[in-house]
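In the numbering used here, the protein residues as written are 14 to 69. Note that beta-carbon positions come from the ideal geometry of N, C-alpha and C, so glycine has one too. A quick write-up on the structure given underneath.
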């Protein structure tokens with residue numbers, strides 16, 4: 014249960030990191046791919062969280 018709480022905390026921290034409404038015009042290509050990678054990791058964390066919840 015503590016693992017799931019930790020994962021959800023990391024997930025929301027990652028979403029919060031890139032959740033701000035920043036100007037799209039000032040966003041660089043590297044920053045964009047950084048964001049894509051972070052969302053992919055967050056999605057992976059969410060799937061992992063569901064798997065952990067399902068098995069417990």
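Using the Cβ count rule (16 or more neighbours within 10 Å means buried), how would you classify residue i?
i: residue 66; result: exposed
In this structure, how does DSSP classify residue i when only helix, strand and coil are distinguished?
i: residue 69; result: coil
i: residue 84; result: One cannot answer for residue 84 here, as it falls past the ends of the chain, which runs 14 to 69.
Residue i and residue j look like a contact to me (Cβ under 8 angstroms); what is the Cβ gap, rounded to whole Å?
i: residue 17; j: residue 62; result: 6 angstroms
i: residue 59; j: residue 24; result: 6 angstroms
Please determine, among the options, the residue with the shortest C-alpha to C-alpha distance to residue i.
i: residue 52; options: 26, 41, 15; result: 26
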